[in-house]
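Numbering-wise, the sequence shown is residues 3 to 604 according to the working numbering.
Right, one structure below, let's go through it.
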Amino acid sequence: MPIWIRSLLGINRSFRVKLILNLSVIILLAFGVTGYLTYQYNMRLFEEEISKQFSSTNQEALAKMDLKVLEIMRISQTVVFNPQIEKMIRQINSNEGSDAFSVYYDKKQIEDQIFQIKTDAPYITGMYLYDLDGNSTYFKYTTSAINTLDQDVFRVIRSKLDDTYGDLIWMNMALPSSIEPSGLRKTIITSRLMKNSNLNTYGVLVITIDESFFSSALKELTKEGTGDVHLFNPNKELLYSNSPQDSEARLQQLRSLNETEVIHNDMFVQGESKTTSFKLVSGTSLTEIQKKNRDIFQRIVYSGLISILLTSGLIVLSTGNLLRPLKDLLQGLRKVRSGDFEARIQIRTKDELAYIAESFNNMAEQVERLIKEVYMTQLSERDAELKALQAQLNPHFLHNMFNEIYWKLYLQNEKETASLIAAISEMLKYSLMPVKTLTTVREDLQQIRNYVKLQAELFEADLETIIHADEQILECEIMRFLIQPLVENVFVHGFRNKVSHKILLIKARSLGSFLEIEVTDNGCGMEESVISLLLRREGTSLPQRSDGRESLGVRSVVRRIELIHGPPYRLEIVSGLGSGTTMRLILPNINIQKGEQEHAER
Numbered sequence: 003m004p005i006w007i008r009s010l011l012g013i014n015r016s017f018r019v020k021l022i023l024n025l026s027v028i029i030l031l032a033f034g035v036t037g038y039l040t041y042q043y044n045m046r047l048f049e050e051e052i053s054k055q056f057s058s059t060n061q062e063a064l065a066k067m068d069l070k071v072l073e074i075m076r077i078s079q080t081v082v083f084n085p086q087i088e089k090m091i092r093q094i095n096s097n098e099g100s101d102a103f104s105v106y107y108d109k110k111q112i113e114d115q116i117f118q119i120k121t122d123a124p125y126i127t128g129m130y131l132y133d134l135d136g137n138s139t140y141f142k143y144t145t146s147a148i149n150t151l152d153q154d155v156f157r158v159i160r161s162k163l164d165d166t167y168g169d170l171i172w173m174n175m176a177l178p179s180s181i182e183p184s185g186l187r188k189t190i191i192t193s194r195l196m197k198n199s200n201l202n203t204y205g206v207l208v209i210t211i212d213e214s215f216f217s218s219a220l221k222e223l224t225k226e227g228t229g230d231v232h233l234f235n236p237n238k239e240l241l242y243s244n245s246p247q248d249s250e251a252r253l254q255q256l257r258s259l260n261e262t263e264v265i266h267n268d269m270f271v272q273g274e275s276k277t278t279s280f281k282l283v284s285g286t287s288l289t290e291i292q293k294k295n296r297d298i299f300q301r302i303v304y305s306g307l308i309s310i311l312l313t314s315g316l317i318v319l320s321t322g323n324l325l326r327p328l329k330d331l332l333q334g335l336r337k338v339r340s341g342d343f344e345a346r347i348q349i350r351t352k353d354e355l356a357y358i359a360e361s362f363n364n365m366a367e368q369v370e371r372l373i374k375e376v377y378m379t380q381l382s383e384r385d386a387e388l389k390a391l392q393a394q395l396n397p398h399f400l401h402n403m404f405n406e407i408y409w410k411l412y413l414q415n416e417k418e419t420a421s422l423i424a425a426i427s428e429m430l431k432y433s434l435m436p437v438k439t440l441t442t443v444r445e446d447l448q449q450i451r452n453y454v455k456l457q458a459e460l461f462e463a464d465l466e467t468i469i470h471a472d473e474q475i476l477e478c479e480i481m482r483f484l485i486q487p488l489v490e491n492v493f494v495h496g497f498r499n500k501v502s503h504k505i506l507l508i509k510a511r512s513l514g515s516f517l518e519i520e521v522t523d524n525g526c527g528m529e530e531s532v533i534s535l536l537l538r539r540e541g542t543s544l545p546q547r548s549d550g551r552e553s554l555g556v557r558s559v560v561r562r563i564e565l566i567h568g569p570p571y572r573l574e575i576v577s578g579l580g581s582g583t584t585m586r587l588i589l590p591n592i593n594i595q596k597g598e599q600e601h602a603e604r
């Protein structure tokens with residue numbers, strides 16, 4: 003056979019080769035690379051331009067801040083170095099306690115001097131002249147924005163003035179305010195020691211300033227509502243921020259910022275004043291920049307999608323027969339996914355797709371056969387395990403009870419057992435019902451009362467039992483013998499070393515679509531390792547009793563709930579050594595009178 007004929011036959015049987023030949027004319031890689039590079043270039047270009055503009059705006063705002071700070075410094079110097087104010091303060095100190103009118107007159111003169119200064123500074127919300135003991139003896143002024151400063155605030159301010167030698171210190175504090183809904187108002191506080199020309203300290207000046215004093219100078223950085231500004235004082239403490247909450251880690255990152263940096267999609271620039279040593283860090287969101295780039299990228303994508311649609315149409319027209327086996331395979335997979343395992347596909351070619359189609363048919367046939375086998379096996383195993391658990395539980399319970407009654411009668415030779423035998427008879431009749439027959443909370447609690455009565459009469463002289471159940475859940479359906487193994491566990495294990503004052507509390511209540519039953523005792527409790535063993539799933543050996551037999555009771559409850567209901571229904575155990583135990587059943591809330599409605603609500 004000629005080589006060219008063998009080549010054609012090979013191409014006809016190779017889906018990969020046929021697909022490459024049909025798609026080789028469609029070159030979209032260059033389009034994708036071009037679009038991506040254009041997007042990245044525009045992103046870098048916009049970021050560089052925004053960085054330059056924002057840095058310039060930040061420097062302008064910092065210059066305005068310098069003027070604001072210098073204005074406050076001028077006001078404070080006018081007060082501190084005012085000879086009249088210093089003279090009045092000396093006279094107040096000398097006349098204190100002797101001439102009340104002179105003291106009043108001197109304070110009035112101080113007030114007149116300061117109010118002339120404050121008239122041109124409406125942003126000042128408070129001004130105080132303290133003596134060195136922290137008393138606002140000389141002058142006190144405040145507005146409705148904040149309340150009068152208390153001693154706690156003064157102590158904080160005073161602690162920062164010890165080593166300043168008369169320089170202004172700046173801080174931001176939340177001061178009490180009667181006009182704020184929260185009761186606090188963020189306020190800028192500036193303070194300095196009042197020193198005369200001989201450098202003698204004669205008082206403390208405190209000025210409170212509204213935050214709008216700084217925010218007005220920074221409005222260019224926040225005019226679009228996306229700006230983020232942080233102003234730090236010379237000690238690198240946060241003085242003003244328009245951000246409602248800043249973590250300490252974020253503030254530390256902004257303090258140490260020395261150049262333009264992008265943090266969490268925000269671009270931050272910084273500037274530090276050589277005049278006042280204040281540092282201004284401002285940030286702007288890159289969201290708008292990215293949005294413009296996304297618009298460009300979307301246009302590129304739309305153009306590419308149109309190209310892809312056109313080329314796809316050409317491919318569909320030219321490769322209809324080529325892709326038909328794939329269409330058959332897709333339809334077969336959809337049928338299998340919907341549960342139709344009898345679906346088979348027709349083999350049309352002799353290439354790789356033919357092998358896939360044949361494999362699919364074999365897989366569907368095997369899956370159908372295995373599902374039927376596994377389903378029937380699981381039904382048989384589930385029924386057998388339920389019967390085995392019931393068969394283990396009933397003899398175990400009856401053996402314990404009749405053995406105890408025997409020794410009671412044998413050792414004490416008492417005849418008053420009629421009521422006890424009646425209770426046992428009722429319990430025996432109850433236990434012999436088929437395992438699949440459901441009971442009600444009312445019936446199961448009655449059997450618990452019978453069991454507790456036997457325990458109280460025969461062995462537990464000092465026993466207090468409380469059984470409480472909400473009326474609306476008494477007719478709820480539950481499996482038989484779910485509560486009794488938990489109660490039996492209390493007497494066998496919980497009370498084994500307890501001589502007196504034994505308390506058993508059983509509560510049943512409705513929690514929406516759940517039925518919750520709690521069995522609580524004040525016994526010896528159990529370790530976490532024992533709880534883990536009791537609640538472990540199948541495949542783990544059960545905890546051993548003191549007589550060498552497996553502890554079937556509690557574990558049988560766990561396993562039956564797993565088999566019949568599954569998650570989220572379960573048994574929970576909360577216990578600690580010496581602190582008692584609470585075992586809590588979480589079951590479906592199905593009332594036999596209106597069960598369908600309540601069960602459907604789940």
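For each residue, glycine too, the CB sits at the ideal point set by N, CA and C.
Asked	Found
Exposure label - M67; buried when at least 16 CB within 10 Å	buried
Reference T1, options A471, F461, L573 and M481, closest by Cα	In the structure as shown, the chain begins at 3 and stops at 604. Residue 1 is therefore absent and cannot be evaluated.
Beta strand (DSSP E) segment containing E518, residue limits	F516 to D523
Through-space distance from F216 to K70, alpha-carbon basis	8 Å
Chain-order list of residues whose beta-carbon lies under 7 Å from that of R444 (same chain, five-residue window excluded)	L476 and E477
Rounded separation between R511 and R538 - CA only	26 Å
Rounded separation between E459 and G341 - CA only	60 Å
Alpha-carbon spacing of I119 relative to R76, whole angstroms	10 Å
Span separating the alpha-carbon of S1 from that of M365	Summary: the structure shown does not reach residue 1, with the chain confined to residues 3 through 604, and so no result is reported for it.
F234 beta carbon less than 8 Å from that of K281	yes
Buried or exposed (CB count within 10 angstroms, at least 16 for buried), T289	exposed
K197 in three-state terms, based on DSSP	strand
Cα-Cα separation between T192 and H232, rounded to whole angstroms	18 Å
When F270, P590 and S534 are compared against I519, the one with the closest alpha-carbon	P590
Distance between L536 and A386 (C-alpha atoms, nearest Å)	Reliability fails at A386, whose pLDDT of 49 lies under 50, so the model's placement of it is uncertain and the value that follows must be treated cautiously. Approximately 22 Å, taken between the alpha carbons.
Neighbour-count burial assignment, F103, 16 or more Cβ in a 10 Å radius	exposed
Simplified DSSP state of K509, which is helix, strand or coil	strand
Beta-carbon spacing of L195, V206 below 8 Å	yes
Buried or exposed (CB count within 10 angstroms, at least 16 for buried), V501	exposed
Contact belief for Y125 with D212 at Cβ below 8 Å, rounded distance in angstroms	5 Å
Contacting residues, own chain, Cβ-Cβ under 6 Å from F497 (five flanking each side not counted)	K504 and G525
Closest Cα partner of L170 within the set H567, F156 and V208	V208
Span separating the alpha-carbon of I469 from that of R572	21 Å
Own chain, CB closer than 7 Å to A123, minus 5 neighbours either side, in chain order	I77
Cut-off 7 Å between Cβ atoms - residues of its own chain near R257, not counting five sequence neighbours on either side	F234 and K238
From L456, R296 and P236, residue whose alpha carbon lies closest to that of T166	P236
Residue from V521, L513 and H495 with nearest C-alpha to L506	V521
Beta-carbon gap between G527 and S581 smaller than 8 Å	yes
Unbroken beta strand (DSSP E) run spanning N499, endpoints	Careful: N499 lies outside any beta strand (DSSP E) and carries neither H nor E.
Cβ-Cβ distance between Q115 and I87 below 8 Å	yes
Where H605 sits in the DSSP three-state scheme	Any property of residue 605 remains undetermined from this structure, which presents the chain solely from 3 to 604.
Span of the beta strand (DSSP E), counted from its first residue to its last, around N452	No beta strand (DSSP E) contains N452, which is instead part of the alpha helix (DSSP H) from V443 to L460.
Under 8 Å between C-beta atoms of M175 and V155	yes
Local Cβ density within 10 Å of E367, reported as buried at 16 or more and exposed below that	exposed
Check whether T139 and I94 have beta carbons under 8 Å apart	yes
Exposed unless 16 or more other CB atoms sit within 10 angstroms - verdict on I592	buried
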